[in-house]
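Heads up, the thing below is written out as C-alpha coordinates.
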Amino acid sequence: MGKSKIMRYVALITVLAAVSLADVATIMSQLQSLQKQVESYDSAIGKYDGSYMSMLPIATGSFKMHQAAREARKAIEDSDTISEADASQLIGQAEDVDQAIHRTLDTTASKDKIADDNGFKQVGALMLTHFQNEQRAFHEVLNGKLPNSSREKVKGTMKQAADKFDVVLRRYA
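Numbering (the numbering used here), first residue to last: 6 to 178.
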(Lines of atoms letter the chains of each structure in order from A and count residues from 1; the text may use other names and numbers.)
(Lines give C-alpha, C1' and ligand atoms only; values in the text may rest on other atoms or scores of the structure.)
Protein backbone atom coordinates (compact mmCIF):
# COMPACT_ATOMS: atom_id res chain seq x y z
CA MET A 1 0.00 0.00 0.00
CA GLY A 2 1.40 3.35 -1.00
CA LYS A 3 1.76 6.32 1.31
CA SER A 4 -1.14 8.08 -0.43
CA LYS A 5 -3.51 5.17 0.18
CA ILE A 6 -2.52 4.93 3.83
CA MET A 7 -3.18 8.65 4.29
CA ARG A 8 -6.62 8.30 2.65
CA TYR A 9 -7.41 5.34 4.89
CA VAL A 10 -6.36 7.26 8.02
CA ALA A 11 -8.41 10.26 6.87
CA LEU A 12 -11.46 8.06 6.29
CA ILE A 13 -11.18 6.48 9.74
CA THR A 14 -10.83 9.93 11.30
CA VAL A 15 -13.92 11.19 9.47
CA LEU A 16 -15.94 8.13 10.49
CA ALA A 17 -14.88 8.52 14.12
CA ALA A 18 -15.84 12.21 14.04
CA VAL A 19 -19.25 11.37 12.56
CA SER A 20 -19.81 8.79 15.29
CA LEU A 21 -18.91 11.33 17.98
CA ALA A 22 -21.20 13.88 16.35
CA ASP A 23 -24.03 11.34 16.35
CA VAL A 24 -23.58 10.65 20.06
CA ALA A 25 -23.27 14.36 20.89
CA THR A 26 -26.44 15.12 18.91
CA ILE A 27 -28.36 12.31 20.60
CA MET A 28 -27.17 13.40 24.06
CA SER A 29 -28.19 16.98 23.32
CA GLN A 30 -31.63 15.87 22.14
CA LEU A 31 -32.08 13.64 25.20
CA GLN A 32 -31.16 16.53 27.50
CA SER A 33 -33.63 18.77 25.66
CA LEU A 34 -36.31 16.09 26.01
CA GLN A 35 -35.63 15.79 29.73
CA LYS A 36 -36.01 19.56 30.17
CA GLN A 37 -39.31 19.52 28.27
CA VAL A 38 -40.61 16.61 30.36
CA GLU A 39 -39.66 18.47 33.54
CA SER A 40 -41.38 21.62 32.26
CA TYR A 41 -44.47 19.55 31.42
CA ASP A 42 -44.41 18.11 34.95
CA SER A 43 -44.29 21.63 36.38
CA ALA A 44 -47.30 22.71 34.29
CA ILE A 45 -49.27 19.65 35.41
CA GLY A 46 -48.31 20.33 39.02
CA LYS A 47 -49.86 23.81 38.77
CA TYR A 48 -53.12 22.50 37.28
CA ASP A 49 -56.08 23.63 39.39
CA GLY A 50 -58.96 22.68 37.11
CA SER A 51 -59.26 26.03 35.37
CA TYR A 52 -59.02 26.54 31.64
CA MET A 53 -56.13 28.95 32.18
CA SER A 54 -54.10 26.30 34.00
CA MET A 55 -54.86 23.82 31.20
CA LEU A 56 -53.19 26.01 28.55
CA PRO A 57 -49.62 25.56 29.88
CA ILE A 58 -50.24 21.81 30.01
CA ALA A 59 -51.31 21.77 26.37
CA THR A 60 -48.32 23.88 25.37
CA GLY A 61 -45.98 21.73 27.46
CA SER A 62 -47.43 18.59 25.91
CA PHE A 63 -46.79 19.90 22.41
CA LYS A 64 -43.21 20.94 23.23
CA MET A 65 -42.48 17.64 24.94
CA HIS A 66 -43.82 15.60 22.02
CA GLN A 67 -41.77 17.71 19.62
CA ALA A 68 -38.63 17.13 21.71
CA ALA A 69 -39.37 13.39 21.82
CA ARG A 70 -39.70 13.26 18.05
CA GLU A 71 -36.46 15.21 17.59
CA ALA A 72 -34.64 12.84 19.96
CA ARG A 73 -36.06 9.85 18.13
CA LYS A 74 -35.03 11.33 14.76
CA ALA A 75 -31.47 11.93 16.03
CA ILE A 76 -31.29 8.27 17.04
CA GLU A 77 -32.82 7.08 13.76
CA ASP A 78 -30.34 9.16 11.76
CA SER A 79 -27.32 7.88 13.70
CA ASP A 80 -25.24 4.85 13.00
CA THR A 81 -25.42 1.89 15.34
CA ILE A 82 -24.30 3.04 18.77
CA SER A 83 -20.96 1.65 19.90
CA GLU A 84 -20.52 -0.29 23.12
CA ALA A 85 -18.41 2.56 24.50
CA ASP A 86 -21.16 5.14 23.90
CA ALA A 87 -24.08 2.90 24.88
CA SER A 88 -23.72 3.27 28.66
CA GLN A 89 -23.58 7.07 28.41
CA LEU A 90 -26.70 7.19 26.23
CA ILE A 91 -28.54 4.66 28.39
CA GLY A 92 -27.71 6.76 31.45
CA GLN A 93 -29.17 9.87 29.84
CA ALA A 94 -32.22 7.91 28.63
CA GLU A 95 -32.73 6.68 32.20
CA ASP A 96 -32.64 10.30 33.40
CA VAL A 97 -35.39 11.06 30.88
CA ASP A 98 -37.35 8.04 32.09
CA GLN A 99 -37.06 9.19 35.71
CA ALA A 100 -38.44 12.59 34.68
CA ILE A 101 -41.28 10.78 32.90
CA HIS A 102 -42.03 8.74 36.03
CA ARG A 103 -42.19 11.93 38.12
CA THR A 104 -44.51 13.48 35.53
CA LEU A 105 -46.74 10.42 35.62
CA ASP A 106 -46.88 10.61 39.42
CA THR A 107 -47.89 14.27 39.18
CA THR A 108 -50.47 13.42 36.52
CA ALA A 109 -51.93 10.65 38.67
CA SER A 110 -52.34 13.10 41.54
CA LYS A 111 -54.49 15.37 39.34
CA ASP A 112 -57.06 12.79 38.17
CA LYS A 113 -59.79 13.94 40.58
CA ILE A 114 -59.35 17.62 39.64
CA ALA A 115 -59.41 16.70 35.94
CA ASP A 116 -62.56 14.62 36.44
CA ASP A 117 -64.35 17.34 38.42
CA ASN A 118 -63.60 19.89 35.70
CA GLY A 119 -64.33 17.85 32.58
CA PHE A 120 -60.72 17.36 31.48
CA LYS A 121 -60.33 13.67 32.29
CA GLN A 122 -60.77 12.49 28.69
CA VAL A 123 -58.37 15.16 27.46
CA GLY A 124 -55.86 13.96 30.06
CA ALA A 125 -56.31 10.36 28.92
CA LEU A 126 -55.71 11.34 25.28
CA MET A 127 -52.59 13.29 26.20
CA LEU A 128 -51.31 10.38 28.28
CA THR A 129 -51.91 7.91 25.46
CA HIS A 130 -50.04 10.10 23.00
CA PHE A 131 -47.23 10.59 25.54
CA GLN A 132 -47.06 6.81 26.01
CA ASN A 133 -46.90 6.17 22.25
CA GLU A 134 -44.08 8.70 21.79
CA GLN A 135 -42.13 7.24 24.69
CA ARG A 136 -42.57 3.68 23.39
CA ALA A 137 -41.45 4.66 19.87
CA PHE A 138 -38.42 6.46 21.31
CA HIS A 139 -37.39 3.38 23.33
CA GLU A 140 -37.85 1.04 20.37
CA VAL A 141 -35.63 3.17 18.12
CA LEU A 142 -32.98 3.48 20.83
CA ASN A 143 -33.08 -0.25 21.50
CA GLY A 144 -32.63 -0.95 17.78
CA LYS A 145 -29.44 1.12 17.62
CA LEU A 146 -27.80 -0.28 20.75
CA PRO A 147 -25.36 -3.18 20.72
CA ASN A 148 -26.99 -6.49 21.65
CA SER A 149 -25.23 -6.56 25.02
CA SER A 150 -26.89 -3.28 26.07
CA ARG A 151 -30.44 -4.01 24.92
CA GLU A 152 -31.53 -5.81 28.08
CA LYS A 153 -30.98 -2.65 30.13
CA VAL A 154 -33.36 -0.70 27.89
CA LYS A 155 -35.93 -3.51 27.82
CA GLY A 156 -36.22 -3.38 31.60
CA THR A 157 -36.72 0.38 31.50
CA MET A 158 -39.30 -0.02 28.71
CA LYS A 159 -41.26 -2.50 30.82
CA GLN A 160 -41.21 -0.23 33.88
CA ALA A 161 -42.41 2.72 31.80
CA ALA A 162 -45.20 0.69 30.18
CA ASP A 163 -46.38 -0.50 33.60
CA LYS A 164 -46.34 3.04 35.00
CA PHE A 165 -48.31 4.40 32.04
CA ASP A 166 -50.88 1.62 32.45
CA VAL A 167 -51.36 2.43 36.15
CA VAL A 168 -51.87 6.14 35.48
CA LEU A 169 -54.10 5.55 32.45
CA ARG A 170 -56.39 3.36 34.59
CA ARG A 171 -56.90 6.37 36.86
CA TYR A 172 -58.02 8.39 33.84
CA ALA A 173 -60.31 5.69 32.45
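Glycine included, C-beta positions come from ideal geometry on N, C-alpha and C. Predicted model, so just to flag it, every value in this text is computed and none were measured.
For residue i, the first and last residue of its enclosing alpha helix (DSSP H)
i       : result
Ala-54  : Checking the sequence shown, residue 54 turns out to be Asp, not Ala. No alpha helix (DSSP H) contains Asp-54, which DSSP labels as neither H nor E.
Leu-151 : Per DSSP, Leu-151 belongs to no alpha helix (DSSP H) and is neither H nor E.
Ile-119 : 117 to 122
Sub-8 Å separation of residue i and residue j beta-carbons
i       : j       : result
Gln-40  : Ala-105 : yes
Phe-143 : Ala-92  : no
Thr-31  : Glu-100 : no
Met-132 : Ser-56  : no
Ile-96  : Tyr-53  : no
Gln-42  : Ala-73  : yes
Ala-178 : Ala-130 : yes
Leu-147 : Val-102 : no
Phe-136 : Met-60  : no
Distance between beta carbons of residue j and residue i, contact taken as under 8 Å
i       : j       : result
Asp-83  : Arg-176 : About 37 Å separates the two Cβ atoms, so there is no contact after all.
Thr-4   : Tyr-46  : For residue 4 there is no data in the structure shown, the boundaries of the chain being 6 and 178.
Ala-166 : Gln-127 : That pair is no contact at about 23 Å.
Leu-174 : Thr-134 : 7 Å
> Whole alpha helix (DSSP H) runs in the stretch 79 to 120 with 4 or more residues, listed along the chain?
Replying inline: 89 to 115
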